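Q: In this note's numbering, the protein residues as written are 108 to 682. Yeah, the Cβ is synthetic: ideal placement off N, Cα and C, and Gly gets one too. Keep in mind that this is a model prediction, so the values were computed, not measured. Attaching a single structure in structure tokens format; questions to follow.
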RNA sequence: UGGGGCGUCGUCAAGCGGUAAGACACAGGAUUUUGAUUCCUGCAUUCGGAGGUUCGAAUCCUCCCGCCCCAGCCA
């Protein structure tokens, strides 16, 4: 379904044109450059799909490169999770993983080159002073008193910075550009700072670390990146990106192109807010199935194909937008409908006794209509399709018996005409089994319906009526003997508000109190006993579900609802 | 009020001077042992606004309006 017919976008147009004109010797290389300081979310998926996607499409390559220049925030565990997420999404970064930290030596040399050209200087202004000297959005900045320091002195100071002779914060290395530039990024930006701190990969080799702007462009150039795709907020940095690459002797000059990041409604995407949800236990951890993190949606049951397709469908532009999660869910359903085997599960069981079904120990056990009746326990095996539209997915046996369960919602004592399900005196089909008719309703002392007494029609075995009579409704069901108990997590959107962060006060006020409903008394087909975590099943008439990768076991099955089926009845019913 | 961006259907989004693609949503209808799927049909005389250029403008020009980003020794 996906892969074919990928949509065009302005970035692909640029690449096509560059390739046609023979730019970059006909090569095209992109990169996905995460900072390992947090977990990936669906917004990153857009960038991943874009960068790896165009590389695939144009027969180029895409490097996975960690932008690990700030040891204060970064950690190996993030590196590991990012690698696993990108792999799960289905992308291949070739033989090696790149790290900006692998370039620390060369980066240092490039800084020295800049100093020698008189294009960088060591500055001793404090952070606060530097802010004052920087000016404001409307007023130009002032030159640092250290701006005209001699090259020799700069060289000496910078080397001593590297050697660890100074305290953190005493000196920085700055590019010498233009303190009166209307673009604040060009007002002598810091390119190196002292941080006496161990780095996840280079350990204690360095106590000075390069800044993003300095590192990123050079890393791109060293890797021969041709198109450096990043989000809109870096547009103002492009002049600096270009300045740096022009001033330093790198092998090539990549082109930075910016696009709008993805926003989804009914959720939050910022690292800080996701962190708050986790820390304040509003959710169950970084992989909570309600979170838009890759780990979360994966645990929820989303498929990589659905996410890739979604990223293709939403397109790439420079317009800031908030995409309807409905679009995502639709891509999910499209994929799941194709691949998920169908099974039956009853989430809110209502007991049904088939009164004319032979009792285990009664004498009518030899009734000939019940072809595969097991005389020992009074059950019958029936055959069900694993996917009605795909016979190649095979069939499976399901067990029918005297005691079965249907969904509470599928029975109504005083049912309106449009209600196609079970009601006193009405007949429905049990999927792949028999027609049953409701003869009696048993209630407890509070008036709650606790059991239905029904009769079945032996002639309708498999679900077809030989006399051609029609029933409007087909219900899913499960039998006492053919099912096992399970817990089911019903997930819904995490927030009630389309834009949870619209008001500047506490966004957690918009949390949906019903984003998780844990159902304990569910019953699922025995077939599900060996369900693999994350593998999608369609619980017929309910939605798509998967066994939870953390909590489900053969002793205690736990399923997550990935997404519901489209439900036009619910919509009509609401009106 | 400095600089950089962006404004095409409810939501995304093509379009690049020749007379508004597509997807989702929505509304009808058909088929259906999932009120699912699938399948038809409809859905912007109009492109933030106002002028101008042109035989012809969403596309070019001018002005205006609205929204976003930038003053980390974060990325």
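Applying the 10 Å Cβ sphere with the 16-neighbour rule, what's the burial state of residue 303?
A: Taking the first residue of the first chain as 1, we reach residue 303 at position 196. So residue 303 ends up on the exposed side.
Q: Among the residues of its own chain, which have a CB less than 6 Å from the CB of residue 125, if the five just before and after it don't count?
A: Walking along the first chain from the start, residue 125 turns up at place 18. No residues qualify anywhere along the chain.
Q: Am I right that residue 459 and residue 514 are in contact with their C-beta atoms under 8 Å? What's the rounded C-beta distance?
A: Here the question's residue 459 lines up with position 352 in the first chain. Here the question's residue 514 lines up with position 407 in the first chain. That pair is no contact at about 11 Å.
Q: Select from 373, 445, 355, 211 the residue whose C-alpha is nearest the C-alpha of residue 86.
A: Because the chain in this structure spans residues 108 to 682, residue 86 falls outside the shown range and cannot be described.
Q: Just list the residues that DSSP pairs residue 561 with in beta bridges.
A: Within the first chain, the letter at position 454 stands for residue 561. Its beta-bridge partners are 461, 545.
Q: Helix, strand or coil for residue 684 per DSSP?
A: This structure cannot settle anything about residue 684, because the visible part of the chain is limited to 108 through 682.
Q: Just the C-alpha distance for residue 193 and residue 486, rounded to the nearest angstrom, thanks.
A: Indexing the first chain from 1 puts residue 193 at position 86. Indexing the first chain from 1 puts residue 486 at position 379. Separation of residue 193 and residue 486 (C-alpha to C-alpha, rounded to the nearest whole angstrom) is 48 Å.
Q: Do residue 177 and residue 169 have their CB atoms nearer than 8 Å?
A: In the first chain, residue 177 corresponds to position 70, counting from 1. In the first chain, residue 169 corresponds to position 62, counting from 1. Result no, Cβ atoms of residue 177 and residue 169 do not sit closer than 8 Å.
Q: Just to confirm the assignment, what range does the alpha helix (DSSP H) spanning residue 183 have?
A: The residue given as residue 183 occupies position 76 in the first chain. Residue range 183-195 is occupied by the alpha helix (DSSP H) that includes residue 183.
Q: For the 8 Å Cβ check, are there 3 or more pairs between the stretch 626-634 and the stretch 574-581?
A: no
Q: Could you give the distance in angstroms between the alpha-carbon of residue 189 and the alpha-carbon of residue 557?
A: Against the first chain, residue 189 aligns to sequence position 82. Against the first chain, residue 557 aligns to sequence position 450. Distance between residue 189 and residue 557, taken at the CA atoms: about 50 Å.
Q: For residue 526, collect the residues of the same chain with a Cβ closer than 7 Å to its Cβ; drop the 5 residues on either side in sequence, then sort them by chain order.
A: Translated into the one-based positions of the first chain, residue 526 becomes position 419. If we look at residue 526 and ignore the five residues flanking it on each side, its Cβ neighbours are 519.
Q: Note down the Cα distance separating residue 153 from residue 334, rounded to an integer number of angstroms.
A: On the first chain, residue 153 is found 46 positions in, with the first residue counted as 1. On the first chain, residue 334 is found 227 positions in, with the first residue counted as 1. Distance between the alpha carbons of residue 153 and residue 334 is about 16 Å.
Q: Provide the residue(s) that pair with residue 645 in DSSP beta bridges, ordered along the chain.
A: Working through the first chain from its first residue, we reach residue 645 at position 538. Looking at the DSSP assignment, residue 645 forms a beta bridge with 449, 651.
Q: Would you mind sorting residue 415 into buried or exposed? The rule is 16 or more other CB atoms within 10 Å of its CB.
A: Within the first chain, numbered from 1, the residue matching residue 415 stands at position 308. Answer is buried; the Cβ neighbour count reaches 16.
Q: Can you tell me which residues form a DSSP beta bridge with residue 337?
A: Your numbering for residue 337 matches position 230 in the first chain. Beta-bridge pairing links residue 337 to 365.
Q: Around the C-beta of residue 491, are 16 or more other C-beta atoms found within 10 angstroms, so that it is buried, or is it exposed?
A: If you number the first chain from 1, residue 491 lands on position 384. Under this definition residue 491 is a buried residue.
Q: Can you check DSSP and say which residues form a bridge with residue 585?
A: Residue mapping note: residue 585 aligns to position 478 of the first chain, counting from 1. Beta-bridge pairing links residue 585 to 512.
Q: So, helix, strand or coil for residue 153, using DSSP?
A: Residue 153 sits at position 46 when you count from the first residue of the first chain. Reduced to three states, the DSSP call for residue 153 is helix.
Q: Look at the alpha carbon of residue 394 and the alpha carbon of residue 426, and state the distance between them as a whole number of angstroms.
A: What you label residue 394 is simply residue 287 of the first chain in a count that begins at 1. What you label residue 426 is simply residue 319 of the first chain in a count that begins at 1. Looking at the two C-alpha atoms, the distance is approximately 30 Å.
Q: Please state the DSSP three-state secondary structure of residue 568.
A: Residue mapping note: residue 568 aligns to position 461 of the first chain, counting from 1. Annotated three-state conformation of residue 568 is helix, per DSSP.
Q: Just to confirm my understanding: we take residue 145, look at its own chain, exclude 5 residues before and 5 after, and list those with CB closer than 7 Å. What are they?
A: As a working note, residue 145 is residue 38 in the first chain. Here the set comprises 185, 378.
Q: If we call anything under 8 Å between Cβ atoms a contact, is residue 354 one with residue 249?
A: To locate residue 354, count along the first chain from 1; it is residue 247. To locate residue 249, count along the first chain from 1; it is residue 142. Taking 8 Å as the Cβ cut-off, residue 354 and residue 249 do not qualify as a contacting pair.
Q: Report the residue from 645, 521, 320, 657 whose alpha carbon sits nearest the alpha carbon of residue 440.
A: Locating residue 440 in the first chain gives position 333, where the first residue counts as 1. Among 645, 521, 320, 657, the Cα nearest to that of residue 440 is on 645.
Q: Three Cβ pairs or more, each shorter than 8 Å: is that satisfied between the stretch 159-166 and the stretch 344-364?
A: Because the criterion of three Cβ pairs below 8 Å is not met, the stretch 159-166 and the stretch 344-364 do not touch.
Q: Looking at the structure shown, is residue 675 part of a helix, part of a strand, or coil, going by DSSP?
A: Here residue 675 is taken as the residue at index 568 of the first chain, counted from 1. Residue 675 falls in the helix class under three-state DSSP.
Q: If you run the structure through DSSP and keep just helix, strand and coil, what is residue 344?
A: Locating residue 344 in the first chain gives position 237, where the first residue counts as 1. Residue state, collapsed to three classes: helix.
Q: Under three-state DSSP, which class holds residue 323?
A: Here the question's residue 323 lines up with position 216 in the first chain. Here residue 323 sits in helix by DSSP.
Q: Let me check understanding here. Comparing Cα to Cα, which of 669, 205, 243, 419 lies closest to residue 308?
A: Here residue 308 refers to the residue found at position 201 when the first chain is read from its first residue. Of the listed residues, the one whose Cα sits closest to residue 308 is 205.
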